[in-house]
Amino acid sequence: MSDFHADLELIRDAALAAGRLALEHREAGLKVWSKEGGSPVTDADLAVDQLLRDALLGARPDYGWLSEETADNPDRLERKRIFVVDPIDGTVAFMKNKPWWCVPIAVVEDGRPIAAVIHAPALDETFEATLGGGARLQGRPISASDTADLEDAEVLADARLMEARDWDEPWPPMRFSKRNALAYRMALVAAGAFDAAIAVSPKWDWDVCAGALIAEEAGAKVSDHRGRPWRFNRPDPRQTSLICAAPALHPLIVRRTAPIPLAI
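Mapping the sequence shown onto numbering that gives the first Met the number 0, position 126 (from 1) lands on 125, and the numbers just tick up by one.
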């Protein structure tokens, strides 16, 4: 067994355990407060973060750690491999008992993800991938859609932004949908359920790292809004923006989004 697959087994087991713990906390009644910046956090987020730290770093003490709910430690930059974790991606959906939340976990080596899991407990869906090993949902191979025309494409994006902006090149009519968790949006593109996910604002590594590997291993294209590839485990753990799309659609989207002046 390659160590990619050993890491995949480890993070898969951890994600399943994390999902069970999150559901138990919600059943018992959540304690909710606001983080600096105003976004909500629950006692379940912190409990899941602790479970994942214990399970993952207990098994791989030489790996680094990057999580939404843990203070960042720059020593991760010196580690060959790190875990990139969002204990609960889609906290608002989780709080409101909607199903579109997930536990995304990735292992990053030298700036790129090599193993990834996105587990959606309320939907009993588990997406996974290893570098060069393809992507799977419930153990079955998945692939991005073969859609080649933006017109009538199924897109996960903010319809108000897409339709209101004075774009240099207009968009054809598309069908827009929402899903709270960024990682889950990317997993849905990987599985061919949607043709693209677009977000023209900075995104944290823990929201998109696992989805990047799963989508790319399923044949989708992932980049920032200018078509530039992502690199993870940098001092600033953010990506400029998100374009995750069926391979034929990706250049059509980037052509329209590239003029947007975004920088972090």
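A virtual CB, placed ideally from N, CA and C, is assigned to each residue, including glycine.
Query: Could you check what DSSP says for Met0 in three-state terms: helix, strand or coil?; Result: In this predicted model, Met0 has a pLDDT of only 49, less than 50, meaning its place in the structure is not dependable enough to derive any value.
Query: Check this for me: beta carbons of Gly110 and Cys101, under 8 Å apart or not?; Result: no
Query: Roughly how many whole angstroms lie between the Cα atoms of Met0 and Leu7?; Result: Because Met0 sits at a pLDDT of 49, beneath the cut-off of 50, its placement in the model cannot be relied upon, and the following sentence gives the value as read from the coordinates. Between Met0 and Leu7, the C-alpha separation is close to 11 Å.
Query: Considering just the uninterrupted stretch of the beta strand (DSSP E) at Glu108, what are its terminal residues?; Result: Val102 to Glu108
Query: So, helix, strand or coil for Ile87, using DSSP?; Result: coil
Query: Contact between the segment 200-215 and the segment 166-174 is defined here as three or more beta-carbon pairs at a separation below 8 Å; is this criterion met?; Result: no
Query: Identify the continuous beta strand (DSSP E) that holds Leu122 and give its terminal residues.; Result: No beta strand (DSSP E) holds Leu122; DSSP gives it neither H nor E.
Query: Exposed or buried, what is His24 when buried is set at 16 or more other beta-carbons lying within 10 Å of its beta-carbon?; Result: buried
Query: So, helix, strand or coil for Arg111, using DSSP?; Result: strand
Query: Going along the chain, which residues of its own chain have a beta-carbon closer than 7 Å to the beta-carbon of Cys87, five neighbours each way excluded?; Result: The question names Cys, but residue 87 in the sequence shown is Ile. Once the five neighbours on either side are set aside, the close Cβ partners of Ile87 are Ala21, Ala43, Asp44, Val47, Phe93, Trp100 and Val102.
Query: Helix or strand or just coil, what does DSSP make of Ile242?; Result: strand
Query: Leaving out the 5 sequence neighbours to the left and right, which residues in its chain are closer than 7 Å to Trp203 when beta-carbon positions are compared?; Result: Glu67, Pro236 and Arg237
Query: Nearest to Ile197 by alpha carbon, out of Gly218, Arg230, Asp145 and Pro250?; Result: Pro250
Query: Look at the alpha carbon of Leu50 and the alpha carbon of Pro60, and state the distance between them as a whole number of angstroms.; Result: 15 Å
Query: Give, in chain order, every unbroken run of the alpha helix (DSSP H) that is at least 4 residues long and sits entirely within the segment 38-84.; Result: 42-58
Query: With a floor of 3 residues, list each beta strand (DSSP E) that falls wholly inside the segment 143-171, ordered by position along the chain.; Result: 153-155
Query: Between Pro201 and Gly218, is the Cβ-Cβ spacing less than 8 Å?; Result: no
Query: Tell me whether Ala180, by its Cβ, gets closer than 7 Å to a heavy atom of the ligand PLP.; Result: Among the components of this structure there are no ligands whatsoever, and the ligand PLP is therefore not found.
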